[in-house]
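Structure first, then comments.
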Amino acid sequence: MDYTGLIQMLLKNMESPAPSGAKRIITFVNPQHYEAFQQTLRELKARHPDWPDLPSSSLLQSVMTPLSGSTKMLDAYKDDIIIEEDSLIQVHTLANKIQGPGIPYGVKQIKAPKAWSTSTGYRVKIGVIDTGADYYHPDLRQSLAKGINLLNRHMLPMDDNGHGTHIAGTIAAANSTEGMIGVAPRATIYPVKAFDHNGSAYVSDIIQGIDWCIRNHMHLINMSFGMKTRSKALLDIVNKAYVSGISIVASSGNDGKRRSIDYPAKYPQTISVGATDRNRRIASFSNRGEFIDIYAPGDKIISSWTHGKYHEMSGTSMATSHVSGAIALLLAQNPDLQPAEIKALLLQTATPLRSKKGQQRTGEGLEVNALRLLREGMKRKTPAP
Numbered sequence: 112m113d114y115t116g117l118i119q120m121l122l123k124n125m126e127s128p129a130p131s132g133a134k135r136i137i138t139f140v141n142p143q144h145y146e147a148f149q150q151t152l153r154e155l156k157a158r159h160p161d162w163p164d165l166p167s168s169s170l171l172q173s174v175m176t177p178l179s180g181s182t183k184m185l186d187a188y189k190d191d192i193i194i195e196e197d198s199l200i201q202v203h204t205l206a207n208k209i210q211g212p213g214i215p216y217g218v219k220q221i222k223a224p225k226a227w228s229t230s231t232g233y234r235v236k237i238g239v240i241d242t243g244a245d246y247y248h249p250d251l252r253q254s255l256a257k258g259i260n261l262l263n264r265h266m267l268p269m270d271d272n273g274h275g276t277h278i279a280g281t282i283a284a285a286n287s288t289e290g291m292i293g294v295a296p297r298a299t300i301y302p303v304k305a306f307d308h309n310g311s312a313y314v315s316d317i318i319q320g321i322d323w324c325i326r327n328h329m330h331l332i333n334m335s336f337g338m339k340t341r342s343k344a345l346l347d348i349v350n351k352a353y354v355s356g357i358s359i360v361a362s363s364g365n366d367g368k369r370r371s372i373d374y375p376a377k378y379p380q381t382i383s384v385g386a387t388d389r390n391r392r393i394a395s396f397s398n399r400g401e402f403i404d405i406y407a408p409g410d411k412i413i414s415s416w417t418h419g420k421y422h423e424m425s426g427t428s429m430a431t432s433h434v435s436g437a438i439a440l441l442l443a444q445n446p447d448l449q450p451a452e453i454k455a456l457l458l459q460t461a462t463p464l465r466s467k468k469g470q471q472r473t474g475e476g477l478e479v480n481a482l483r484l485l486r487e488g489m490k491r492k493t494p495a496p
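So the mapping is simple: the numbering used here equals the position in the sequence shown, first residue as 1, plus 111.
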């Protein structure tokens, strides 16, 4: 099939900003049709170098584009493509400014400092799909790699919101003399800027971010965000990461619900995370129940912020970064573990949460324990030949 007309139509739509709700994810059913589409696009771009780029995910065989008006114009290709609305996603957080470097209580609560004599997460590559990171923050200068800015590929993924910098600090801040220390201070964070200054992103941005993480061989992906609606395209790319051996840690949401959590945490291929407080009880805002795999500190968490500052934030976003850091400690010592094994180890070594009456009961949920996770994970290490 000749895709020239389709490409010209899509590129024409990109010339003007799409109205709200008009972005689409177009997935090709047949890989050969996707390749034919891309080949035609390359040929046209060679003749018209001033034409805009068309964002895509070759792993998913998808293109992402604004489409104003009706999608009937695509009916001629309906046997070749699946069209999905590109939904907005929000980061999971509640903010409060504060100063306070050191080792935050959450890092201590999951017993990460007791694990540092064995592992600090050295050389573990973590893709943090978020608002970017502050490359000039003194606590993060040793912790950040180049990453990618999906909103402007010619620029560093600098954080213009603060959320991504906060997540990065909890995972891998490494300023022991004057600043704070994260859970895995020698892990390497690759910021993947998919969210804008308001903390908003489209599903297509997340898909491209996960695609980038797979291609650049991340060991795990931190996803501190969520949405209410299910996306087949997002599920498909999450599954591709999972089968390629990448653990995905995802925040469950801040709605205080007992029987529902946000996507992508609801997908079984992820590790879904709820939030606890200083008393090791489930935080009032956190989603909870059967869909939560593991809990971690997420209430009033102090971490790095833009412009070299610190911020206190609450949310399942903050809990997720503690779990990602704990997994980094584990993977530095046993890099061969697969996502299913890592999830099983998290549950096996976790600490039962306290009920309202103060007793420890497994039925309330499980909080990550980095020290026990590392010890058990090292027992599973395959001896060198």
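Yeah, the Cβ is synthetic: ideal placement off N, Cα and C, and Gly gets one too.
Quick caveat: nothing in here was measured; it's all calculated off a predicted structure.
{"Item": "Please say whether Ile137 and Ile192 have beta carbons closer to each other than 7 Å?", "Value": "yes"}
{"Item": "Determine the direct distance from the alpha carbon of Ser397 to that of Lys368, and round the result to whole angstroms.", "Value": "7 Å"}
{"Item": "Measure the Cβ-Cβ separation of Ala376 and Ser395 and say whether it is below 7 Å.", "Value": "no"}
{"Item": "Taking Cβ positions, are Gly488 and Tyr406 nearer each other than 7 Å?", "Value": "no"}
{"Item": "Just list the residues that DSSP pairs Leu255 with in beta bridges.", "Value": "Ile300"}
{"Item": "On the three-state DSSP scale, how would you describe Ala283?", "Value": "helix"}
{"Item": "Beta strand (DSSP E) containing His328: first to last residue?", "Value": "Per DSSP, His328 belongs to no beta strand (DSSP E) and is neither H nor E."}
{"Item": "Within 8 Å, do at least three Cβ pairs link the stretch 338-356 to the stretch 166-180?", "Value": "yes"}
{"Item": "Between Gly290 and Asp250, which are expected to be in contact by the criterion C-beta below 8 Å, what is the C-beta distance as a whole number of angstroms?", "Value": "4 Å"}
{"Item": "For the stretch 275-285 against the stretch 414-426, are there 3 or more C-beta pairs whose distance is under 8 Å?", "Value": "yes"}
{"Item": "Where do the N-terminal and C-terminal ends of the beta strand (DSSP E) with Met424 fall, by residue?", "Value": "Tyr421 to Ser425"}
{"Item": "May I have a chain-ordered list of the beta strand (DSSP E) segments no shorter than 3 residues that lie completely inside the stretch 119-184?", "Value": "134-139 and 173-177"}
{"Item": "So what does Lys236 bridge to, in DSSP terms?", "Value": "Thr299"}
{"Item": "Check for me: the beta strand (DSSP E) holding Gln201 runs from which residue to which?", "Value": "Leu199 to Val202"}
{"Item": "Look up Thr288 in the DSSP assignment and say whether it is helix, strand or coil.", "Value": "coil"}
{"Item": "Skipping 5 residues on each side, what residues in its chain have a beta carbon closer than 7 Å to that of Asn124?", "Value": "Thr176, Pro177, Leu178 and Ser179"}
{"Item": "If you compare alpha carbons, which of Ala226, Phe402, Ile372 and Val174 is closest to Ile194?", "Value": "Val174"}
{"Item": "Per DSSP, which one or two residues make a beta bridge with Thr387?", "Value": "Ile393 and Pro408"}
{"Item": "CB-CB under 7 Å to Lys156, same chain, minus the five flanking residues each way: which ones, in chain order?", "Value": "Trp162"}
{"Item": "If I follow the unbroken beta strand (DSSP E) through Ala481, where does it start and stop?", "Value": "Looking at the DSSP string, Ala481 is not in any beta strand (DSSP E); the run it does join, the alpha helix (DSSP H), is Ala481 to Lys490."}
{"Item": "Would you report the Cα separation of Ala443 and Ala298, rounded to the nearest angstrom?", "Value": "8 Å"}
{"Item": "Let me check understanding here. Comparing Cα to Cα, which of Tyr374, Pro224, Ser425 and Lys236 lies closest to Lys343?", "Value": "Tyr374"}
{"Item": "Would you kindly work out how many angstroms separate the C-alpha atoms of Asp113 and Ser287, rounded to a whole number?", "Value": "60 Å"}
{"Item": "Could you pull out every residue in the same chain whose Cβ sits closer than 7 Å to the Cβ of His248, ignoring the five residues on either side in sequence?", "Value": "Thr276, Ser415 and Gly419"}
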